[in-house]
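Beneath this line is the structure, given in structure tokens, with notes to follow.
Residue numbers (our numbering): 208 to 394.
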């Protein structure tokens, strides 16, 4: 019997070749994982968010399936890109709501990314802007934050997806959290 990870890798290769069957198989194999990531992202959103985990997972899937220039390397690579897509979808959604209502969308940051000790939840857009600023300072560490916080990947999964040592990922995670904590407490 072939392992699910091997199946995913094989289907990803066929997806690169444009196989519609591969897209269907991948969706079936990775749907639960995409929903898990989406659910984790939405738990950090304010109550009553208009996107459901299902809608977020589906929007991310459609964006991923439309990728034509990405060479999928592994399940973790695919899920890392899915995490990035979900982040972009949530940021876009927050900007749209902000433009419509001029109301900030709040997001709870859990222990994954502790920030200012004010007791207030930073807004998703503030976190996004701070992460963009940090990306100019250290792009690799910013990617670690994105995969950890927005993607819900464990440090070991990030190391595999980014082809880095676990020690480097831990170091980047520590530096990034400190930088973002300081940045968000100043704004």
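Positions of the beta carbon are idealized from the N, C-alpha and C atoms, including for glycine. Owing to the predicted nature of the structure, the values given are computational and were not obtained by experimental measurement.
query                                                                                                                                                                                     : result
Relative to the C-alpha of residue 282, which candidate in 385, 365, 303 and 216 has its C-alpha closest?                                                                                 : 216
Could you spell out the range, first to last residue, of the alpha helix (DSSP H) harbouring residue 366?                                                                                 : 362–369
Output the distance between the C-alpha atoms of residue 299 and residue 293, rounded to the nearest integer angstrom.                                                                    : 10 Å
Could you tell me which of 287, 348, 383 and 346 sits nearest to residue 367, measuring between CA atoms?                                                                                 : 287
Are residue 336 and residue 291 touching if we call contact CB-CB under 8 Å?                                                                                                              : no
I'd like the list of long-range same chain contacts for residue 373, defined as Cβ closer than 7 Å, with 5 residues on each side in sequence excluded.                                    : 362, 363 and 366
For residue 402, which of 289, 375 and 236 has the nearest alpha-carbon?                                                                                                                  : Here the chain has residues from 208 to 394 only, and residue 402 is not among them.
Could you check whether the segment 233–250 touches the segment 263–270, counting it as contact only if at least three pairs of C-beta atoms, one from each stretch, sit closer than 8 Å? : yes
Under a three-way DSSP split, which group does residue 378 fall into?                                                                                                                     : helix
Going by the beta-carbon positions, is the gap between residue 351 and residue 383 smaller than 8 Å?                                                                                      : yes
In the DSSP assignment, find the unbroken alpha helix (DSSP H) run with residue 261 in it and report its ends.                                                                            : 260–272
By alpha-carbon positions, which one of 376, 253 and 340 ends up nearest to residue 301?                                                                                                  : 253
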